[in-house]
Amino acid sequence: MHINLNNKKLFLWIGIFFLFLIFLFISLYFLSPVSSANTNKIAFEIKQGDGFKTISQNLYSDGLIKSPLFFDAYLVLFGKASQLKPGIYELNQGMSIKRIVTQLTDSVNADVVVTIPEGSDIYDIDNILSKAFIIHPHDLINYKTNGNIEGILFPDTYHFFTGSNIQDVVQKFIDNWNKKAEPLLGFSASDCLLNNDCKEKLTLASIVEKEVQTPEDQKIVAGIIMKRLSANMPLDLDATICYMKQTMNPYSTNQCYPLTQLDFKVESPYNSYLNRGLPPTPISNPGVSAISAVLNPKSSPYWYYLSDPKTGKTIFAETLSAQNINRQKYLNL
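Residue numbers (my numbering): 1427 to 1759.
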């Protein structure tokens, strides 16, 4: 009887040991990275008010952890369940649960420097900011205000924190616009969009910014566009067609060019081939140079222009026949 009792204890301990090994291997598997070799960045957002179970389920849905259950258990075991911080985080499938938890609990939002080029539109800026993990993709596109904010997101170099509040981001752009553009136009950002004259100048500057790059060419092109507006001629500007295409499919990342004949026939207030006058809103966010060009246009004998795709040089023409020759020569059209 004594031997049988010892055997039972031995078998019990062996069973416990094997169960422990099984549990250990399972735990190591679920706590390990989803794919150690995959370090592609994934933007992961914790929203204000998200509980740890919601967060673990979102991590699982994004392919960042193998099991929400083991993630929850890890949080509870190490007292981290209440320490997850709202924000946007840069994660990848090569991170273990321990590293992910450390990132979500101990990280201080990083200071990121981004440059917004002149002529960027709201869709470009949304892409730049979301790729830098400053905002979530489409936050800027979906930002709701009392009016349009295209044209007042001043192009410049900025410092932002990752996971920034979208309202704070927009306000930073507007504050800079008021500092740099208001002295030129005489209106604050919000007032400019409500004043017809200021809005027209800003819209014209947004077109000039998209069309040509150098300050001298911008002044000449501003003068050409103003002449065409005064003559009630269609502006026939490809930049407005590109913006039209983007507004029709705001989340698309496809390139605008090449344009097709169908593009020029689309009914839209931004189609400057079908409509006379300026589009209803700015089509980009112009810098000081383009705004100054609109305020100080240069008179010239030219009515037409195009850009040489090889050199970027602006080629001007006085007549439509000369423009057509240039189109054939430089654009093969």
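Ideal placement from N, C-alpha and C gives every residue a C-beta, glycine not left out.
For Leu1517, the enclosing beta strand (DSSP E) stretches over residues 1513-1517. Scanning the segment 1650-1674 for uninterrupted alpha helix (DSSP H) segments of 4 residues or longer gives 1664-1674, listed from N- to C-terminal end. Counted as a single uninterrupted DSSP element, the alpha helix (DSSP H) harbouring Tyr1500 occupies residues 1494-1503.
Listed in chain order, the non-local C-beta contacts of Ala1558 below 8 Å within the same chain comprise Val1538, Val1540, Phe1586, Thr1588, local neighbours out to five positions each way being set aside. In this structure Val1634 touches Val1720 by the C-beta definition: roughly 6 Å separates them, less than 8 Å. Taking the Cα positions, Thr1673 is about 45 Å away from Ala1499.
Residue environment for Gly1475: exposed (fewer than 16 other C-beta atoms within 10 angstroms of its C-beta). The beta-carbon separation of Tyr1569 and Ile1592, rounded to 6 Å, stays under the 8 Å limit for a contact.
Secondary structure note for Ala1469: its beta strand (DSSP E) is the uninterrupted segment 1468-1472. Ser1710 and Glu1576 have their C-alpha atoms some 6 Å from each other. Between the segment 1603-1611 and the segment 1516-1534 there are fewer than three inter-stretch CB-CB distances shorter than 8 Å, so the stretches are not counted as touching.
Of all C-beta pairs linking the segment 1661-1670 to the segment 1695-1705, three or more are shorter than 8 Å, placing the two stretches in contact.
Collapsing the DSSP output to three states places Asp1617 in a helix. With a 10 Å radius around the Cβ and a threshold of 16 neighbouring Cβ atoms, Gly1477 comes out exposed.
Asn1464 has its alpha-carbon roughly 45 Å from the corresponding atom of Thr1740. For the pair Leu1530 and Leu1510, the CB atoms are nearer than the 7 Å cut-off. Of Trp1729, Asn1697, Lys1479, the smallest CA-CA separation from Arg1654 is found for Trp1729. Boundaries of the alpha helix (DSSP H) around Val1634: 1622-1637.
No residue range can be given for Leu1757, since it is assigned to no alpha helix (DSSP H) and is classified by DSSP as neither H nor E. Distance from the CA atom of Tyr1669 to the CA atom of Ser1678, rounded to whole angstroms, is 12 Å. Residue environment analysis places Ala1665 among the buried positions, since at least 16 neighbouring C-beta atoms fall within 10 angstroms of its C-beta.
Taking a 10 Å sphere around the C-beta of Ala1716, we find 16 or more other C-beta atoms and assign the residue as buried. If you compare the alpha carbons of Pro1735, Ile1442, Ile1514 with that of Lys1467, the shortest gap goes to Ile1514. Gln1749 sits buried, since 16 or more C-beta atoms from the chains shown fall within 10 Å of its C-beta.
Assignment of beta strand (DSSP E) within the segment 1557-1622, counting only whole runs of 3 or more residues, yields 1583-1587 in chain order. Annotation for Val1540: the continuous beta strand (DSSP E) segment containing it runs 1537-1541. By the neighbour-count criterion, in which 16 or more other beta carbons inside 10 Å mark a residue as buried, Asn1675 falls on the exposed side. The Cβ atoms of Leu1685 and Ile1667 lie closer than 7 Å to each other. Sequence-distant partners of Lys1625 (beyond 5 residues in either direction) whose C-beta falls short of 7 Å from its own C-beta, in its chain, are Cys1618, Leu1619.
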